[in-house]
Amino acid sequence: GAVVSQHPSRVICKSGTSVKIECRSLDFQATTMFWYRQFPKQSLMLMATSNEGSKATYEQGVEKDKFLINHASLTLSTLTVTSAHPEDSSFYICSASRGWQLNTEAFFGQGTRLTVV
Amino acid sequence: SQQGEEDPQALSIQEGENATMNCSYKTSINNLQWYRQNSGRGLVHLILIRSNEREKHSGRLRVTLDTSKKSSSLLITASRAADTASYFCATVPSQGGKLIFGQGTELSVKP
């Protein structure tokens, strides 16, 4: 299957700083990328959907000014957690799809464990 | 809630037994997908079933879909210890554009 690389896999940052997470599709063009957040022992909560070249669509309750998403190219999307606080600590996972209709499988990165101290 | 429901939340079986997980969802769908997640890792796609399909097989996996009941099941036959993981169903709405996950089933297969 296709490969999606997410970096970093783990990051620890101080409260008040910003953290950028990258999601790259290595061998295909991803017109649509998704960002999820996962708490321990829980499911994936969709945060936002990003389409290349346009603004991200955020799910209800997700602060777009706090979680900045940039999908600048067909192979790269970034999630920036701005002014991070301990409650932002979580596992963040990206996925990429060849098309917005999602008629085929989505490919997932390995996730980023964010700890805010 | 954006999520559907899965049951059971946790399932513990012996190696060689079959494991069945169920998923219910709320809206009309384009397709339904099943994923596996090992602890602290990303997700691996297992199988996709379209809204006009009722059953699909892939190796030891069998998936059914009942759109009238808005439910799906995943059967893993002849389970192995290596099947221990969390399993999630995910739905794509009819209009596309999103992949929404169910709550997941934590499967433990004991050798």
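Top to bottom, those sequences are chains S and X.
Under my numbering, the first residue of the first sequence is numbered 104, with each subsequent residue one higher.
Under my numbering, the first residue of the second sequence is numbered 3, with each subsequent residue one higher.
Ideal Cβ positions, reconstructed from N, Cα and C, are used throughout, including at glycine.
Keep in mind the model is a prediction, meaning the values are calculated, not measured.
Q: Under 8 angstroms by Cβ, that's how I've got Gln109(S) and Gly214(S) pegged, so tell me the actual separation to the nearest angstrom.
A: Approximately 6 angstroms separates the beta-carbon atoms of Gln109(S) and Gly214(S); this is inside 8 angstroms, confirming the contact.
Q | Contact with chain X by Ser207(S), beta-carbon distance below 8 angstroms | A | First, the amino acid is wrong: residue 207(S) is Thr here, not Ser. At least one chain X Cβ lies under 8 angstroms of Thr207(S).
Q. Roughly how many whole angstroms lie between the Cα atoms of Ile172(S) and Gly18(X)?
A. Using only the alpha carbons, I get a separation of about 45 angstroms.
Q | Cβ-heavy atom distance, Tyr37(X) to the ligand FAD, below 7 angstroms | A | Judged by which ligands are present, the structure shown has none, so any question about the ligand FAD falls away.
Q. Does the distance from the CB of Thr183(S) to the CB of Ala133(S) come in under 8 angstroms?
A. no
Q: Going by CA-CA distance only, name the one from Arg56(X), Val94(X), Ile31(X), Gly98(X) that's closest to Leu76(X).
A: Arg56(X)
Q) From Phe170(S) to Lys123(S), what does the alpha carbon distance come to, in whole angstroms? A) 10 angstroms
Q. Of the residues that make up the region 77-109 of chain X, which ones have a beta carbon closer than 7 angstroms to any beta carbon in chain S?
A. Phe90, Val94, Gly98, Gly99, Lys100, Leu101, Ile102, Phe103, Gly104, Gln105, Gly106
Q) If you draw a straight line from the C-alpha of Ser3(X) to the C-alpha of Thr22(X), how long is it? A) Confidence at Ser3(X) is low in this model, with a pLDDT of 44, below 50, so its placement is unreliable and the value that follows should be read with caution. Cα to Cα, the separation comes out at about 24 angstroms.
Q. Are the CB atoms of Tyr37(X) and Leu48(X) nearer to each other than 8 angstroms?
A. yes
Q: Could you tell me the distance, in whole angstroms, from the CA atom of Pro10(X) to the CA atom of Gly202(S)?
A: 32 angstroms
Q: Examine the Cβ distances between the region 53-70 of chain X and the region 103-113 of chain X and report whether three or more of them are shorter than 8 angstroms.
A: no
Q.
Whole angstroms are fine: how far does the CA of Lys28(X) sit from the CA of Ala199(S)?
A. The alpha-carbon separation between Ala199(S) and Lys28(X) amounts to approximately 24 angstroms.
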